Each structure stands twice: as structure tokens, then as C-alpha cells.
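Comments concern the structure below.
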Amino acid sequence: MYEFDWSSIPGALPFLWRGMCISLEITLTAIGVGILWGTLLALMRLSKLRVLGWFAAGYVNLFRSVPLVMVLLWFFLIVPQLLEKLLGLPPGSDARLSSAIVGFALFESAYYSEIIRAGIQSVPKGQASAAYALGMTYGQAMQLVILPQAFRNMVPLLLTQAIILFQDTSLVYVSALADFFGAAYKVGDRDGRLVELLLFAGAVYFVICYSASLLVKRFQKGTSA
Amino acid sequence: MGYHWNWAVLLAPTPSGGVTYLDWLLSGLKVTVALSLSSWILALVLGSIMGVLRTVPNRWLSGIASAYVEIFRNIPLLVQLFIWYFVLPELLPVGIGTAFKQLDPMLQQFLSAWICLGFFTSARVCEQVRAGIGSLPRGQKSAALALGFTLPQTYRFVLVPMAFRLIVPPLTSEFLNIFKNSAVCSTIGLLELAAQGRQLVDYTAQAYESFIAVTLLYVLINVVVMVAMRKVEERTRVPGYMGGK
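Chains as they are written, first to last, in the working numbering: chain A, 1 to 225; chain B, 1001 to 1245.
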């Protein structure tokens, strides 16, 4: 039988905590960018200008049909070189990590934009007509009438997506970013205690995501009642 | 910019001889498709069983099924994969564990990836099946029971067949996800499509060609699956429901 030895975890906690901070940082960045850029994409997709609609549809469909791992590899291996050449940066200026985060955020925006589009479409048409009839411009109608109602309907879905996004951050492992999972793997590899560290990482993710999903559920009940 | 485009590299022979780089990508594509399809079957079987269990009037069974779903939904896929691949063989009885470790490494990776993707996706399928059964009018179950069907018969002949016809669209997106999620398995060294693309970059330094080709292949898989599933959707649509004829 396998003999567990958890002794390497307590000493590694500060290192793991730093990893967790990076995971949370990526999550928050991606949520922020995802909601902003996702809203813009959703508005483009619903706009009357065909070109904008096509662009948004192409963007969303492309990102949704490619695995996140591939997107991260693109942004980790290829985009930094491209930027170096295009912008004439001195070689070796390491843009790889920030590039991976940007790639992650761009990827998640595609998913956010679909949620937001559904949210906007769930607002009754009369609301927009009424806003225009009151003399509001497109911008005012969106900002003051449509989007606030849309976001209210979307909150549970946006939060659920945030939990998924938090889980997805573990995939930045492919880009050598030392997030929580990367940190746990490194410690386990160093001490020859991979089994314990992987189980520990799994347990930590489970506790965080499960409690978050319970909170979302409770919140959902609170708002719908 | 100074990049030297060279699409012909795909047709150049690899150092191991006999095959071209394109063959590498195609063999990666084969692994991706084989892995995804076999995991999908596992996910459908497990997911349907668990989905049914979640709706049965027995607190123990539905409790077990809901714990199952929560576990597989709240741990990242990558962590699950590493646990199946690195941890499980250590925890199994020594005999089985060593037997597993003596397998061909490629087979070890494939088996772990298969089980991982299958279980991971089954939790999502389970939720869809549960939602499908939940969306059926109550009268269907009552009618079946009134006709003298036992509970298992009610599920087998009435509830499950109807539920499956209703949940084809959400299952389509889970089916697409399984292909995308299979790329995660490159992290344990499984030579599927993404891994082959990376290997091609290492060997030829033609990063753009390789990555563009791999990305296009994923898009192609997506399009094929969507077209196929639309056909399935048309055939299984239930008359009288939204989207029905």
C-alpha cells in the first residue's frame, strides 16, 4: 500500500499561496477584460452594421472552436515573437507571461460575449423602443436601460462562468506561468511527493469552486424570489 | 517582417524517416479523434446512469449521483488528468499498479486520458440528462406508472428516450467540448494533435505553419461535428416541442 507523507506541504505553503495569488490575478484580469470586451463583442454582434456583426461572429466562433491549450500556446510561443518584430522591441524583453494572460482573457471574452448577448436579447424589445421614443441616443439607451437589465438577468451565469474560468487558469501550466497548480506540481516534483501535492491541489480547487457554486446558488435563490 | 514562410515543410520528411511532417499531424488528429470518440461513449454511458440516478425517488441514490457531479465539476480538468495519470497508479493495489506502469507508455497515457475525459464529461452529460428528464411533463411518468410499468420500465421506455431527444442540442456542445478538452492531454505527453503541432515546431522552427495547420484542423473537427449533430438533431426532434416540426 502507498504510504502518504504530507510533510512537504506545510513548508511549501507560502510558495503555494503565491501561486494562488497568481491564479486569482489571472482570474480577475480575465473576468474584467472578458466582461468589457465581451460586452463590446455582443453589441457588435447585435449591431445593424453587417461588418461589425461578421467580425464579432468570426471572433467568437474562432475562439470557441479552438482548445484553450492551443490559444495559450499561440500567445505564449508565437505572439511575443511577432510583437518583438512588429514593434521593434529589443529581443529578450520577456512579454511571454503577459502575452499568455492576454491570450487567456481574449479566449474567455468569446464565452462571456455569448452569455452577454443572450442577456441583452432577454430584455423585451419594448424597452429599447421606449428608450428611443423618449429621445435617448443608442449609447444612452444601452447604458441606462438595456445593459443594466441585461446584466441583472445574467449575474448567475456570469458568476458560474467565473468559476469555470478559475478552473481554466490551471491550464496556464503549459506556458510556464507559476500559478497555484504549477506551484503545487513543482513542489511535488522537487520533493518526490507528487501524489500528495496533486491530491492537495485537487482538494483546494474543489473546496474553492464548490463553496463558490453554493454561494452562486444561494444568491440565485435570493434574487429570483 | 522577416519571417520565412515555408508551407512545403509539411511535406518534408521527418528525421525519423519514412513519413512527412504532415503525417505527424494526421496521426495526432487520429489520436485526438479516437480519444474523443471513445471518451464520449464512456461519458454518455456513465452520464446517463448518473443522470437517471439523480432523478430517482431515493435520497441515497440521488445523493451519490449529486456528489459525483460536484466532484467532477469542481476540480479543473488538468488536475483530474494528473491525478488519474500520476496518482491513481500509486494508490492501486501494488499488482495492478505495476502492471499499469509496465504497459506501453503511449497506452498508459491514452488510458488515463480516456478515463479522465470520460468521467469529466460524464458529470456534464449527467446534468443535461437530469435537466431533460426534469423538463418532461409530470403526466408522462404518472401515465407510465398508471399503465402498470415498473419504475425501471418507466425510465427505460418513456422518460429516458424522450429526455435524450430533448437534450440533443446541449449534448452537441458537450461533444464539441470533448474534442477541445482532449488537447489538455498533451500535458501528460500524449501525442495528440496539439502535441504533434508543438513537436513540429521543435523540429522545424516553422512555428506559424504548424500552429495554423493545427488550429485549422481543430476548426475542421468542429465544423464536421456541428454538421453531423445538426443531422442528428433533425432526425430526433420531437414534434410539438419548440424547434419541433
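Even glycine gets a Cβ: it sits at the ideal position worked out from N, Cα and C. This one's a predicted model, so the numbers in the text were calculated from it and none came from an experiment.
- For Ser1036 of chain B, the number of other beta carbons within 10 angstroms of its own is at least 16, and it is reported as buried.
- Distance between Tyr59 of chain A and Gly182 of chain A, taken at the CA atoms: about 30 Å.
- Within chain B, the C-beta atoms nearer than 7 Å to that of Ser170 of chain A come from Pro1076, Leu1078 and Val1079, in chain order.
- Within the DSSP secondary-structure output, Pro1013 of chain B pairs in a beta bridge with B:Thr1020.
- Under the Cβ criterion of 8 Å, Ser1186 of chain B is counted among the residues facing chain A.
- Under the Cβ distance rule, Ala12 of chain A does not count among the residues neighbouring chain B, no pair being separated by less than 8 Å.
- Met20 of chain A does not reach chain B, its nearest Cβ partner there being about 13 Å away, counting only Cβ pairs nearer than 8 Å.
- Between Ser113 of chain A and Ala162 of chain A, the gap from beta carbon to beta carbon reaches 8 Å or more.
- Taking each of A:Leu13, A:Ile116 and A:Tyr185 in turn and checking the Cα distance to Pro148 of chain A, the smallest one comes out for A:Ile116.
- Burial is judged here by how many other beta carbons sit within 10 angstroms of a residue's own beta carbon; Pro1015 of chain B has fewer than 16 and is exposed.
- Phe1082 of chain B and Ala1146 of chain B have their C-alpha atoms roughly 49 Å apart.
- At a cut-off of 8 Å between beta-carbon atoms, Gly202 of chain A makes contact with chain B.
- Taking a cut-off of 8 Å for Cβ pairs, the stretch 1226-1244 of chain B and the stretch 1043-1053 of chain B do not touch, as fewer than three such pairs fall below it.
- Interface annotation, Trp17 of chain A: not in contact with chain B, CB-CB separation never under 8 Å.
- With 16 or more other Cβ atoms inside 10 Å of its own Cβ, Ser1039 of chain B counts as buried.
- The Cβ of Tyr1021 of chain B sits no closer than 8 Å to any Cβ of chain A.
- Counting only runs of at least 4 residues, the stretch 1041-1090 of chain B fully encloses the following alpha helix (DSSP H) elements, listed from N- to C-terminal order: 1059-1073 and 1077-1082.
- Ranking A:Gly139, A:Thr160 and A:Ile22 by CA distance to the CA of Ala212 of chain A puts A:Thr160 first.
- According to the DSSP assignment, Pro1170 of chain B belongs to the alpha helix (DSSP H) that extends over Val1168 to Asn1181.
- A residue is called buried once 16 or more other Cβ atoms fall within 10 Å of its Cβ, and Gln140 of chain A, having fewer, is exposed.
- Nearest C-alpha to Lys217 of chain A among A:Leu157, A:Gly103, A:Val204 and A:Glu84: A:Leu157.
- When DSSP states are grouped into helix, strand and coil, Asn61 of chain A belongs to the helix group.
- Contact check between the stretch 1179-1191 of chain B and the stretch 1214-1224 of chain B: three or more CB pairs, one atom from each, fall below 8 Å, which counts as touching.
- For the stretch 1049-1073 of chain B, residues whose beta-carbon sits nearer than 9 Å to a beta-carbon of chain A comprise Glu1070, Ile1071 and Arg1073.
- B:Phe1175 is the residue among B:Ala1131, B:Phe1175, B:Leu1061 and B:Ala1195 whose C-alpha sits nearest the C-alpha of Ser65 of chain A.
- If one requires a minimum length of 4 residues, the alpha helix (DSSP H) runs lying completely within the stretch 128-188 of chain A are 147-168, in chain order.
- Within chain A, the residues Arg64, Ser65, Val66, Pro67, Leu68, Val69 and Met70 have their CB atoms less than 9 Å from the CB of Lys1180 of chain B, given in chain order.
- If you check each beta-carbon in the stretch 1214-1245 of chain B against every beta-carbon of chain A, the ones closer than 7 Å belong to Val1214, Thr1215, Tyr1218, Val1219 and Asn1222.
- Not flagged as an interface residue toward chain B: Ser98 of chain A, since no C-beta distance is shorter than 8 Å.
- Cβ-Cβ distances below 7 Å link Leu177 of chain A to Ile22, Leu97 and Ala100 in the same chain, with the five nearest sequence neighbours on each side left out; the list follows chain order.
- For Tyr1203 of chain B, not one C-beta of chain A is nearer than 8 Å to its own C-beta.
- Annotation: the continuous alpha helix (DSSP H) that includes Thr1204 of chain B extends over Leu1193 to Thr1204.
- Contact of Glu1090 of chain B with chain A is assigned, a C-beta pair being separated by under 8 Å.
- A distance below 8 Å between beta-carbons, with the five flanking residues on each side excluded, links Ala1012 of chain B to the following residues of its chain, in chain order: Thr1020, Tyr1021 and Thr1204.
- Apart from sequence neighbours up to five positions away, the residues of its chain that approach Thr1032 of chain B with a beta-carbon distance below 6 Å are Ser1182, Glu1192 and Leu1193, ordered along the chain.
- Taking a cut-off of 8 Å for Cβ pairs, the stretch 1118-1127 of chain B and the stretch 1069-1082 of chain B touch, as three or more such pairs fall below it.
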